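Participant: Mapped onto full-length UniProt numbering, the consecutive letters of the sequence shown carry residue numbers 1 to 212.
Take this structure, written in structure tokens, and hold onto it; I'll ask about it next.
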Amino acid sequence: MKVAIIGASGFIGSALRAESLARGHAVTALVTRPDRLAPEPRLTALKADVPDADALAGQLRGHDAVLSAFSGHAQADVRDYYRQGIRSIVRAVQAAGVPRLLVVGGAGSLETEPGRLLIDSPDFPAQWKASAEGARDALELLRGLEDLDWTMLSPAASIAPGRRTGTFRLGRDRLLTDAAGNSAISLEDYAVAMLDELERPAHRRQRFTVAY
Numbered sequence: 001m002k003v004a005i006i007g008a009s010g011f012i013g014s015a016l017r018a019e020s021l022a023r024g025h026a027v028t029a030l031v032t033r034p035d036r037l038a039p040e041p042r043l044t045a046l047k048a049d050v051p052d053a054d055a056l057a058g059q060l061r062g063h064d065a066v067l068s069a070f071s072g073h074a075q076a077d078v079r080d081y082y083r084q085g086i087r088s089i090v091r092a093v094q095a096a097g098v099p100r101l102l103v104v105g106g107a108g109s110l111e112t113e114p115g116r117l118l119i120d121s122p123d124f125p126a127q128w129k130a131s132a133e134g135a136r137d138a139l140e141l142l143r144g145l146e147d148l149d150w151t152m153l154s155p156a157a158s159i160a161p162g163r164r165t166g167t168f169r170l171g172r173d174r175l176l177t178d179a180a181g182n183s184a185i186s187l188e189d190y191a192v193a194m195l196d197e198l199e200r201p202a203h204r205r206q207r208f209t210v211a212y
């Protein structure tokens, strides 16, 4: 496929880029500093301005899917920046006529029990709350759309570089934990789950989650 990855040089975006290229897809990396990406076969790096929906639509046109690893962590008002960015991405995808949008979500909007979200837990890290709220807003936005083929993948509570095992569990809106109560996934296996969904869609217009 011809895949555009927004935020392809970021924490999760880099893993999505590596997995996509390893599977033989042609990747357009939409990043703020394309000069920082080393040349690779089937990789095109472009400077992107996510809030500019018209310009972004021009860059997305002709792709089979868009993977959004858009993040506002470096911004002063993370929640608003993330929310505005996702709206711009949605408009650009629709204007470009790209068939599918797959979005990196957050774990904060997953349920720890019916009606209670992880973000509402008293020990939820304060430094991640604004970005978690932004990801929750993005999920609500996507769920309200009737004319877009979207999917959001929320990671486990802990996501970090590790091993690519290809062995994990999938769930829907409930935080997945192991027998010891831990909720974790490696960046590499998160990317496997996302690319599996790209190639074999099973969660159209849904959010799902992945963990060990």
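Cβ coordinates follow ideal geometry from the N, Cα and C atoms, glycine included.
All values reported here derive from a predicted model rather than from experimental measurement.
Which two residues bound the contiguous beta strand (DSSP E) that contains Phe-208?
Facilitator: The residue labelled residue 208 in the question sits at position 208 within the sequence shown. Counting along the chain, the beta strand (DSSP E) containing Phe-208 begins and ends at 206–211.
Participant: Residue range of the beta strand (DSSP E) that Leu-67 falls in?
Facilitator: Taking the sequence shown and counting its residues from 1, the one referred to as residue 67 is at position 67. Note, Leu-67: beta strand (DSSP E), 65–68.
Participant: In the stretch 115–181, which residue ranges form an unbroken beta strand (DSSP E) of at least 3 residues, counting only runs that do not cross its ends?
Facilitator: The stretch 115–181 contains these whole beta strand (DSSP E) runs: 150–154, 158–160 and 169–171.
Participant: Spatial neighbours of Val-104 within its chain, please: C-beta separation below 7 Å, excluding the five flanking residues on both sides.
Facilitator: Numbered from its first residue, the sequence shown carries residue 104 at position 104. Counting only Cβ-Cβ distances below 7 Å, and skipping sequence neighbours, we find Ile-12, Ser-68, Ala-69 and Leu-153.
Participant: In this structure, does DSSP put Ala-8 in helix, strand or coil?
Facilitator: Stepping through the sequence shown from its first residue, residue 8 is reached at position 8. Of the three classes helix, strand and coil, the one that applies to Ala-8 here is coil, per DSSP.
Participant: Roughly how many angstroms lie between the CA atoms of Trp-150 and Ala-180, to the nearest whole one?
Facilitator: Counting from 1 along the sequence shown, the entry for residue 150 is found at position 150. Counting from 1 along the sequence shown, the entry for residue 180 is found at position 180. Rounded to whole angstroms, Trp-150 to Ala-180 spans 33 Å at the Cα level.
Participant: Between the C-alpha atoms of Ser-88 and Met-194, what's the straight-line distance to the nearest angstrom?
Facilitator: Here residue 88 refers to the residue found at position 88 when the sequence shown is read from its first residue. Here residue 194 refers to the residue found at position 194 when the sequence shown is read from its first residue. Their Cα atoms are separated by approximately 22 Å.
Participant: Would you check if there are 3 or more beta carbon pairs closer than 8 Å linking the stretch 35–45 to the stretch 81–97?
Facilitator: Not touching, per the Cβ criterion.
Participant: Can you tell me which residues form a DSSP beta bridge with Thr-112?
Facilitator: Mapped onto the sequence shown, residue 112 falls at position 112. DSSP, once it has assigned bridges, lists no residue as partnering Thr-112.
Participant: Looking at the structure shown, is Val-78 part of a helix, part of a strand, or coil, going by DSSP?
Facilitator: On the sequence shown, position 78 is the one that residue 78 refers to. The answer is helix: DSSP assigns Val-78 an H, G or I state.
Participant: Cα-Cα, which of Ala-48, Val-27 and His-25 is closest to Arg-33?
Facilitator: The residue you call residue 33 lines up with position 33 of the sequence shown. The option with the nearest alpha carbon to Arg-33 is Ala-48.
Participant: Just curious, the beta strand (DSSP E) that Leu-37 is in, first and last residue?
Facilitator: What you label residue 37 is simply residue 37 of the sequence shown in a count that begins at 1. Note, Leu-37: premise wrong, no beta strand (DSSP E); not H, not E.
Participant: Using the Cβ count rule (16 or more neighbours within 10 Å means buried), how would you classify Asp-189?
Facilitator: Locating residue 189 in the sequence shown gives position 189, where the first residue counts as 1. Its Cβ being crowded by 16 or more others within 10 Å, Asp-189 is buried.
Participant: Which same chain residues end up closer than 8 Å to Leu-46 when comparing Cβ atoms and leaving out the 5 residues on each side of it in sequence?
Facilitator: Translated into positions along the sequence shown, residue 46 becomes position 46. Taken in chain order, the residues that qualify are Thr-28, Ala-29, Leu-30, Val-31, Pro-34 and Gln-59.
Participant: If contact is defined by three or more beta carbon pairs under 8 Å, each pair taking one atom from either stretch, is the stretch 164–171 in contact with the stretch 112–129?
Facilitator: Contact fails: fewer than three Cβ-Cβ distances are below 8 Å.
Participant: Who are the near neighbours of Asp-178 in its chain, counting only those whose CB is closer than 7 Å to its CB and skipping five residues on each side?
Facilitator: On the sequence shown, position 178 is the one that residue 178 refers to. Same-chain partners within the cutoff: Tyr-212.
Participant: Could you check how far apart the C-beta atoms of Val-192 and Arg-164 are, in whole angstroms? I think they sit under 8 Å.
Facilitator: Residue 192 sits at position 192 when you count from the first residue of the sequence shown. Residue 164 sits at position 164 when you count from the first residue of the sequence shown. Val-192 to Arg-164, Cβ: 6 Å. Contact.
Participant: Pop quiz: Leu-16 and Val-93 are said to be a contact at Cβ under 8 Å. What is the actual Cβ separation, rounded to whole angstroms?
Facilitator: For the purposes of this step, residue 16 is taken as residue 16 along the sequence shown, with counting starting at 1. For the purposes of this step, residue 93 is taken as residue 93 along the sequence shown, with counting starting at 1. Not confirmed; about 16 Å, so no contact.
Participant: Please classify Ala-22: does DSSP put it in a helix, a strand, or coil?
Facilitator: Here the question's residue 22 lines up with position 22 in the sequence shown. Note: Ala-22 maps to helix in three-state DSSP.
Participant: Taking just the CA atoms, how far does Leu-37 sit from Gln-206?
Facilitator: Translated into the one-based positions of the sequence shown, residue 206 becomes position 206. Translated into the one-based positions of the sequence shown, residue 37 becomes position 37. Straight-line Cα distance between these residues: approximately 32 Å.
Participant: Whose C-alpha, out of Leu-175, Lys-2, Lys-129 and Pro-51, is nearest the C-alpha of Arg-61?
Facilitator: Residue numbering aside, residue 61 sits at position 61 when the sequence shown is read from its first letter. Selected option, being the one with the closest Cα: Lys-2.
Participant: What does the alpha-carbon distance come out to for the pair Ser-131 and Ala-157?
Facilitator: Here residue 131 is taken as the residue at index 131 of the sequence shown, counted from 1. Here residue 157 is taken as the residue at index 157 of the sequence shown, counted from 1. Approximately 14 Å, taken between the alpha carbons.
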